[in-house]
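These notes are about the structure you will find just below.
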Amino acid sequence: QARPANGANGTLLQASLNIPTYLPIFDANGTPLKWVNFDNIDVLTNTVNLWSNSYHYIGNVYFDYAITPKLKFRSTFGVDYDNYEENEYWDTRTILGNSGGRGTQSITQSSAAINEQTLSYNDKIGKHSFGLLIGNTLQGSQIKNVSATGINFPNNSYTQISSAATQTASQFKTDNTLASFFSRANSNYSDKYYAELTIRADGSSKFGENNKWAYFPSIGAAWRIKEENFLKDVSQISNLKYRISYGITGNQAGINDFASQGLWTGGFGYPDVAGGAELPGTAPLQLSNPDLKWESTAQFSTGLEIGLLEDKLNIEFAFYNKYTSDALLQVAVPGSSGFSSYLTNFGEISNQGFELGINSVNLRTTGFTWKTDFNISRNKNTIEKIPADIPFAGRDLIRLQQGKELYSYWLYKQISVNPDNGDAVFDDYNKDGKITADDRQILGSTWPKFFGGLTNNFTYKGID
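Positions 260 to 723 (my numbering) are the ones given, in order, by the sequence shown.
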């Protein structure tokens, strides 16, 4: 491939799609012709040299030991390693290589490892079954990259980076670790009453020195009402189960491995006043935040499962209420600091909604089955707390605003049409007598009111 992009870095496919087919490939002198920002197809096919090689290894081992018939120990260890090497040379006749040719060499190594130990105990006393589990997980990942680029080669036959007149190199390394300790207790009485309690402690290298660890408990219960004596003999009801739960979960997704640390970057030159030359130096890249901590979400949920007519009709309904605290956000800081923003915990978001699923067996005969699945759900979210309005993805079309839904539209509100010239008439939101950018307002959001789907599945003699 010749890079998945447009223009000078465009692929052969992009050039084929964009260059008019009636244009000649060569001029009268046999020189390859280019068109706008796309390379000559013949040049891309015959002169661009791209080579890549990847080695990927995945391994898992485990050890089980029954200390007693009821007490068991298990240990697992897994690794995932990838080594990706890429070499490329862009001929002097290409757009990217028009400065005497361009070559790059890059090696990226990524590795991940995870180790987990669990100790479990399961027993049954009369109608009461119960289990206990404790364990811990240690995991880490690392990515390293080294690359070199050369520009202006003697000719297209000498493509080693060391042959280039201008040579640059770069490298980076990033890694993270996560340690977890967890326990779980579950109980089942007479296959009617269920309860489960869990608690886990997670420590991540991504967070500040003061808040690397956080604790996440959860509790849940279920009641199989169908097994009660007053419903056991009701043949029309094949299943009836109620469940309820509450728990807290943590989130560290979407932040970089060194999110809480103060970072510096190289590649900056500083003038040497005495010598008149430029000296290599570093510059601050990111503000530190030793108090950065886990984003957490507390969720309450409850639901009902109903099976009718020997499970020919099944209905499942659930309601949930979620509240996210300490949301990880980039917050603006004064320009005098030398930075535009820093990462902190400053945001709260609520979500409420329901989910309804219905599946039925409409017809079942010898060799033929017709089933229907229907689902519908609704989610209502609100930004409960945010430091300031935040444009989404750097644009003002969609923004985050306190008291509104996530990803709300930030638009001018059209209230009528001028009958004299047909121009739109917009709402003067701030009542200052003129239409400016300050008159934009929240008008709906990207979230649909409902999600849903309907599927019919027909099976005839094993063919769907």
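Backbone N, C-alpha and C fix where the C-beta goes; we use that ideal spot for every residue, glycine too.
Reduced DSSP category for residue i - H, G, I as helix; E, B as strand; rest coil
i: Gln260; result: Low per-residue confidence applies at Gln260: pLDDT is 40, beneath 50, and the placement is therefore not dependable, though the value from the model is reported in the following sentence. Coil at Gln260, not helix or strand.
i: Asp698; result: helix
i: Asn730; result: Outside the shown range of the chain, which is 260 to 723, sits residue 730, and nothing can be said about it.
i: Lys471; result: coil
i: Asn415; result: coil
i: Ser379; result: strand
i: Ala267; result: With a pLDDT of 43 at Ala267, under the threshold of 50, the predicted position of this residue should be treated as unreliable, and no value is reported.
i: Ala274; result: helix
i: Ser728; result: Residue numbering for the chain in the displayed model covers 260 to 723; residue 728 lies beyond these limits and cannot be assessed.
i: Ile645; result: coil
i: Gly703; result: strand
i: Ile420; result: helix
i: Ser369; result: strand
i: Gly692; result: coil
i: Lys596; result: In the sequence as displayed, the identity of residue 596 is Ser instead of Lys. Ser596: helix per DSSP, three-state reduction.
i: Glu344; result: strand
i: Phe710; result: strand
i: Trp553; result: coil
i: Thr351; result: coil
i: Asn357; result: coil
i: Ile326; result: coil
i: Thr628; result: strand
i: Leu456; result: strand
Within 8 angstroms, strictly: CB atoms of residue i and residue j
i: Arg352; j: Thr306; result: yes
i: Leu392; j: Ser442; result: yes
i: Ile649; j: Gly662; result: no
i: Leu551; j: Leu602; result: yes
i: Asn381; j: Gly390; result: yes
i: Gln558; j: Gly506; result: yes
i: Thr508; j: Phe475; result: yes
i: Leu665; j: Leu702; result: no
i: Gly467; j: Leu587; result: no
i: Pro549; j: Asn469; result: yes
i: Ser584; j: Ser555; result: yes
i: Phe336; j: Val320; result: yes
i: Ser313; j: Asn342; result: yes
i: Glu453; j: Ala480; result: For the record, residue 453 in the displayed sequence is Tyr; it is not Glu. Yes, the Cβ-Cβ distance between Tyr453 and Ala480 is below 8 angstroms.
i: Asn411; j: Tyr348; result: no
i: Ile645; j: Gly594; result: no
i: Ile565; j: Asn498; result: yes
i: Ser547; j: Ser504; result: no
i: Ile657; j: Thr695; result: no
i: Lys581; j: Asn604; result: no
i: Thr304; j: Leu271; result: yes
i: Asn621; j: Gly712; result: no
i: Ala647; j: Ala577; result: no
i: Gly399; j: Asn357; result: no
i: Phe517; j: Ser636; result: no
i: Gln495; j: Leu378; result: no
i: Gly528; j: Gly540; result: yes
Cβ neighbour criterion (16 or more within 10 Å) applied to residue i
i: Trp553; result: buried
i: Asp350; result: buried
i: Trp310; result: exposed
i: Val302; result: buried
i: Ile722; result: exposed
i: Gln273; result: buried
i: Gln511; result: buried
i: Phe627; result: exposed
i: Gly318; result: exposed
i: Leu659; result: buried
i: Leu355; result: buried
i: Phe297; result: buried
i: Ser519; result: buried
i: Arg483; result: buried
i: Ala423; result: buried
i: Pro530; result: exposed
Residue i beta carbon near the ligand SAH (any heavy atom closer than 7 angstroms)
i: Ile410; result: The ligand SAH is not among the ligands present in this structure, which contains no ligands whatsoever.
List in chain order: all unbroken beta strand (DSSP E) runs of 3+ residues lying wholly within the segment 475-525. 496-510
Should the segment 356-372 be called in touch with the segment 400-411, which here means at least 3 C-beta pairs below 8 angstroms? yes
Identify every run of the alpha helix (DSSP H) within the segment 283-314, keeping only runs that are complete inside it and at least 4 residues long; order them along the chain. Positions of the alpha helix (DSSP H) runs, each at least 4 residues long and wholly inside the segment 283-314, are given as 300-305 in order along the chain.
With contact counted as at least three CB pairs below 8 angstroms, one residue from each stretch, are the segment 711-722 and the segment 670-684 in contact? These segments do not touch.
Spell out a yes or no on whether the segment 447-461 and the segment 425-435 are touching, meaning 3 or more CB-CB pairs, one atom from each, closer than 8 angstroms. no
Should the segment 602-621 be regarded as contacting the segment 561-573, the criterion being three or more beta carbon pairs within less than 8 angstroms? Yes, they touch.
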